[in-house]
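A quick write-up on the structure given underneath.
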Amino acid sequence: MLREFRAIAGSRQVILITHNPQFIVNLDVDNVIFIGKKNGSLSIRSGALEYECDEYSMLETVADNIEGGLDTIKRRMKRYEKAS
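Mapping of the sequence shown onto my numbering: position 4 corresponds to residue 1349, and the numbering continues sequentially without gaps.
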């Protein structure tokens, strides 16, 4: 499935809604919109993985919600560095 998304991403905007944060890391997305529920109310965070503000870091938000946490993201980033 990742291969198909990569193939069309160069020529089209792709909007993907998923419960699987692995897509965010593996597809190297430009913008993430994270909607979570905390204390009975919705929390919305958005930005590129590198985005940080006083309230949150998008990378930490994804890491907190991905299986394997920050280690998974770091391994993926190392793969990108080797490929470049």
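Backbone N, C-alpha and C define an ideal beta-carbon position, used for all residues, glycine too.
For residue i, count the other beta carbons within 10 Å of its own beta carbon; 16 or more makes it buried, fewer makes it exposed. Which is it?
{"i": "A1352", "result": "exposed"}
{"i": "M1346", "result": "exposed"}
{"i": "L1404", "result": "buried"}
Between the alpha carbons of residue i and residue j, how many angstroms are there, rounded?
{"i": "G1392", "j": "T1406", "result": "11 Å"}
{"i": "T1345", "j": "V1377", "result": "The first residue shown for the chain is 1346 and the last is 1429, placing residue 1345 beyond what the model contains."}
{"i": "I1411", "j": "V1370", "result": "9 Å"}
{"i": "L1372", "j": "N1384", "result": "31 Å"}
Taking the beta strand (DSSP E) that residue i falls in, what are its first and last residues?
{"i": "L1387", "result": "S1386 to G1392"}
{"i": "I1369", "result": "No beta strand (DSSP E) holds I1369; the alpha helix (DSSP H) holding it covers Q1367 to L1372."}
{"i": "V1377", "result": "V1377 to K1383"}
Less than 8 Å between the CB of residue i and some heavy atom of the ligand GDP, yes or no?
{"i": "I1369", "result": "This structure does not include the ligand GDP; it has no bound ligands of any sort."}
Over what stretch of residues does the alpha helix (DSSP H) that includes residue i continue unbroken?
{"i": "L1347", "result": "L1347 to A1354"}
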